[in-house]
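Beneath this line is the structure, given in structure tokens, with notes to follow.
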Amino acid sequence: TTTTTAATPFDGAIGGGPCAGLSHCNFAGECKEGRCVCDPIWVGGNCMHLNLGPIPAAASPDGYAPGIYPAGALEGKQDTWTWGAGGVRDQHGVFHWFVTQYRNHCPMSYPGFLTSTHIVHVTSPNPEGPYTEHEEVVPSAAGNPVYAGQAADGNHLLYFTDYRYTGPIKNCTKNTSLTVSEPTAAEATRAFLLRKRADAPPLPPGCKAGGIHLAKSKQMSGNWTVEYDAAHGAAGHWDNCSVTNPGPTLLANGTVVMLFKLCRYPPNCPRGNDIFGVLTSRGSNYSDVTQRPRQTPILNVTVNSYTDSVEDPSNGWVDHRGTLHAIAHKGGLGLHTVSIDNGTSWWWPTKKTETDETLAALVYNATVHWADGKAVTMDHREEPKVLLGADGQPTHLITLCATRYVTHTFVCIQPIFKHE
19 TTTTTAATPF
29 DGAIGGGPCA
39 GLSHCNFAGE
49 CKEGRCVCDP
59 IWVGGNCMHL
69 NLGPIPAAAS
79 PDGYAPGIYP
89 AGALEGKQDT
99 WTWGAGGVRD
109 QHGVFHWFVT
119 QYRNHCPMSY
129 PGFLTSTHIV
139 HVTSPNPEGP
149 YTEHEEVVPS
159 AAGNPVYAGQ
169 AADGNHLLYF
179 TDYRYTGPIK
189 NCTKNTSLTV
199 SEPTAAEATR
209 AFLLRKRADA
219 PPLPPGCKAG
229 GIHLAKSKQM
239 SGNWTVEYDA
249 AHGAAGHWDN
259 CSVTNPGPTL
269 LANGTVVMLF
279 KLCRYPPNCP
289 RGNDIFGVLT
299 SRGSNYSDVT
309 QRPRQTPILN
319 VTVNSYTDSV
329 EDPSNGWVDH
339 RGTLHAIAHK
349 GGLGLHTVSI
359 DNGTSWWWPT
369 KKTETDETLA
379 ALVYNATVHW
389 ADGKAVTMDH
399 REEPKVLLGA
409 DGQPTHLITL
419 CATRYVTHTF
429 VCIQPIFKHE
């Protein structure tokens, strides 16, 4: 698709910013004669923003805004709440979404996120809908689903976080007689410790539970097999704590590169800080993502630094230069990161790429646009993922959206345009 950048809520430029090398163009364009020339999906003077287009305006059969799951959520009409999703288009042109959904019609809460979620399979004929819910993919306290791709053995790979809590949960269904209170984080942690994989290292004191796990299937329509602790750190190392928020990239050689976030709790993280790390699979064994390509974290940030509060790495993609790209969220906005050595070292932007430092290198902002002129600024826009096209490049940005702080949550699916 070719378009101008009028729908992109940034400065409207397509390159032209000063540069002395690829890093000055955010590794999203070429530096030619001292000026950035952006790749087709990137805009901004220094190629710092995705070229996000408006969501097509055709409404759902019930008249609700398109590109929102569940239908009616933007209008406050849904009775099921979600917390992020991953997606893929199959060979028949059907779109498949793997959505974190709160069970029993309960809205988002903590610690409900640790105990009361599951992952469901949703399909649609178009990215903007209409959406049809199908089977449960992962039961019991599962979230952060990320579709990584189809492995050489035919299995589709869906990584996720799961506390493996199987106890009673709150029920918010109208007129129900079940009055179980919401489980506590301590109960979720106890459940995790009872069910963790035997060969995974024990967690040190102070670490919350979690883990990165895998659901695999050769059919999108079901028969998913769950393998717990597919990615974890090593005993005695800084990464042996609550490894969560998977951000996988399935490389052409079958290797899985896994970005992750470490828990923000002692002893490994000063409270309030984030640690970002990376693991890789043992060869093409996507069930054993335990190799450490580097001995230090990618990020071990301090409060008030530019990369403070960075989490939720997306699935990654490799561009025509061989650069690996991913997106994370920072305070509800998108931040771009790249690796030019298949995941060992990572480049993060600074605030010096343009005059308005508040916009520097933000991949997306909090406002979602529709083709009929509607625009909604979300209170939160997190859990970024990208839908990849047949060429392996992003065609849509998938985010968790929230209004009324985080009491009203849903999935937003917004197209990424290409300029000439």
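Residue numbers (this note's numbering): 19 to 438. Note that the Cβ used here is the ideal one computed from N, Cα and C, for glycine as well. Quantities reported herein were computed from a predicted structural model and do not represent experimental measurements.
Distance CB(residue i)-CB(residue j) smaller than 8 Å
i	j	result
residue 155	residue 140	no
residue 123	residue 184	no
residue 231	residue 294	no
residue 280	residue 249	no
residue 352	residue 402	yes
residue 431	residue 59	no
residue 105	residue 165	yes
residue 37	residue 46	no
residue 399	residue 417	yes
residue 334	residue 344	yes
residue 382	residue 415	yes
residue 53	residue 35	yes
residue 84	residue 98	no
residue 11	residue 86	Residue 11 is absent from the model: the chain starts at 19 and stops at 438.
Of the listed residues the options, nearest to residue i (C-alpha basis)
i	options	result
residue 410	108, 36 and 132	108
residue 173	181, 112, 152 and 236	236
residue 14	267, 298 and 181	Here the chain comprises residues numbered 19 to 438, so residue 14 is not present and cannot be evaluated.
residue 304	239, 41 and 175	175
residue 330	103, 95, 359 and 85	103
residue 397	406, 386, 344 and 84	386
residue 65	53, 84, 43 and 86	43
residue 100	426, 433, 436 and 438	426
residue 92	264, 52, 392 and 312	392
residue 245	251, 252 and 233	233
residue 160	169, 120, 143 and 50	120
residue 364	318, 388 and 419	318
residue 75	145, 356 and 438	145
residue 366	50, 354 and 152	354
residue 116	163, 189, 32 and 267	163
residue 408	314, 189 and 336	336
residue 274	118, 429 and 302	302
residue 147	188, 187, 157 and 90	90
residue 254	307, 306, 265 and 313	313
residue 276	338, 252, 360 and 135	360
Counterpart residues of residue i in DSSP-defined beta bridges
i	result
residue 297	276
residue 235	174
residue 165	176
residue 62	32
residue 107	113
residue 428	419
residue 393	387
residue 411	Per DSSP, none; premise fails for residue 411.
residue 352	347
residue 265	277
residue 87	429
residue 120	135
residue 318	293
residue 255	Answer is none; residue 255 lacks a bridge partner.
residue 243	234
residue 404	415
Exposure label - residue i; buried when at least 16 CB within 10 Å
i	result
residue 262	buried
residue 390	exposed
residue 239	exposed
residue 270	exposed
residue 348	buried
residue 95	exposed
residue 67	buried
residue 241	exposed
residue 150	exposed
residue 286	Only weak support is given to the placement of residue 286: the predicted model assigns it a pLDDT of 49, under 50, and the question is left unresolved by the model.
residue 170	exposed
residue 384	buried
residue 143	exposed
For residue i, the three-state DSSP class (helix, strand or coil)
i	result
residue 54	strand
residue 92	coil
residue 130	helix
residue 357	strand
residue 67	strand
residue 305	coil
residue 197	With a pLDDT of 49 at residue 197, under the threshold of 50, the modelled position of that residue is not reliable, and no figure is offered here.
residue 437	coil
residue 43	helix
residue 332	coil
residue 142	strand
residue 156	strand
residue 311	coil
residue 366	coil
residue 187	coil
Contact test: residue i Cβ vs the ligand SAH heavy atom, cutoff 7 Å
i	result
residue 350	No copy of the ligand SAH occurs in the structure displayed, which carries no ligand at all.
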